[in-house]
Amino acid sequence: IVFHSMNENITRGALEVGGGAPKNFLQQTGPMISQIIGMECPGENYVIQVTVDRPDAGGLSGATINEGKSWGKIPKAGEGNVVPYIDATVGLPIIFAYALENCKPRKHKNYGRILPEITQELVDAAIKTL
68 IVFHSMNENI
78 TRGALEVGGG
88 APKNFLQQTG
98 PMISQIIGME
108 CPGENYVIQV
118 TVDRPDAGGL
128 SGATINEGKS
138 WGKIPKAGEG
148 NVVPYIDATV
158 GLPIIFAYAL
168 ENCKPRKHKN
178 YGRILPEITQ
188 ELVDAAIKTL
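Numbers in this note's numbering are just positions in the sequence shown, counted from 1, shifted up by 67.
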């Protein structure tokens, strides 16, 4: 899905719940694909990370969303990025209620339907680099 979105000229955003592995999986996938295949990684334009971890206490692997700029994970760190330090069971319902109330519905991407096709595109692109 990340590879497919890297081929589209779209605004990208992410909602990260927690730190550590969930954050790193999302933020490292694009740069990893970029390194293996040699294509530009546009990164995320907007990120919301809901967490109770604080970087100064060793949480979040010591890294904030703004750190992602140095690795190309997020092109403009600090712009359009928010870290509410709140438990997800409290914060997510508030975020979702706001989005449902204030955002226009969009057409669904239906990635499940095209997943085999876009997976094959990634495999083919990787094979070309061998």
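Using N, Cα and C, we set each Cβ at its ideal position, and we do this for glycine too.
None of the values given here were measured: they were computed from a predicted structure.
*asked:* Along the chain, where does the alpha helix (DSSP H) containing residue 159 start, and where does it finish?
replied: Indexing the sequence shown from 1 puts residue 159 at position 92. Under the DSSP assignment, residue 159 falls in the alpha helix (DSSP H) whose first and last residues are 155–169.
*With 16 as the cutoff for other CB atoms within 10 Å, does residue 61 come out buried or exposed?*
Residue 61 is absent from the model: the chain starts at 68 and stops at 197.
_According to DSSP, is residue 76 part of a helix, a strand, or is it coil?_
Taking the first residue of the sequence shown as 1, we reach residue 76 at position 9. In this structure, residue 76 counts as coil in the three-state DSSP scheme.
*Starting from residue 83, follow its DSSP beta bridges and name the residues at the other end.*
Locating residue 83 in the sequence shown gives position 16, where the first residue counts as 1. Beta-bridge partners assigned by DSSP to residue 83: 116.
*asked:* Using only CA atoms, which one of 100, 123, 84 lies nearest to residue 190?
replied: Working through the sequence shown from its first residue, we reach residue 190 at position 123. When each option's Cα is compared against that of residue 190, the closest is 100.
*In whole angstroms, what separates the C-alpha of residue 97 from that of residue 156?*
Position 30 of the sequence shown, counted from the first residue, corresponds to residue 97. Position 89 of the sequence shown, counted from the first residue, corresponds to residue 156. One C-alpha to the other measures close to 28 Å.
_Taking DSSP's pairing of strands, which residues face residue 69 in a bridge?_
In the sequence shown, residue 69 corresponds to position 2, counting from 1. Residue 69 is not bridged to any residue.
*In this structure, does DSSP put residue 149 in helix, strand or coil?*
Mapped onto the sequence shown, residue 149 falls at position 82. Here residue 149 carries a strand assignment [DSSP, helix/strand/coil].
*Could you please give the first and the last residue of the uninterrupted alpha helix (DSSP H) stretch that includes residue 172?*
Residue numbering aside, residue 172 sits at position 105 when the sequence shown is read from its first letter. For residue 172, there is no enclosing alpha helix (DSSP H), as DSSP marks it with neither H nor E.
*asked:* One question on the structure: do residue 114 and residue 80 come within less than 8 Å of each other, judged by their Cβ atoms?
replied: As a first step, residue 114 must be located in the sequence shown, where it is residue number 47. As a first step, residue 80 must be located in the sequence shown, where it is residue number 13. Contact annotation: residue 114 and residue 80 have beta-carbon atoms nearer than 8 Å.
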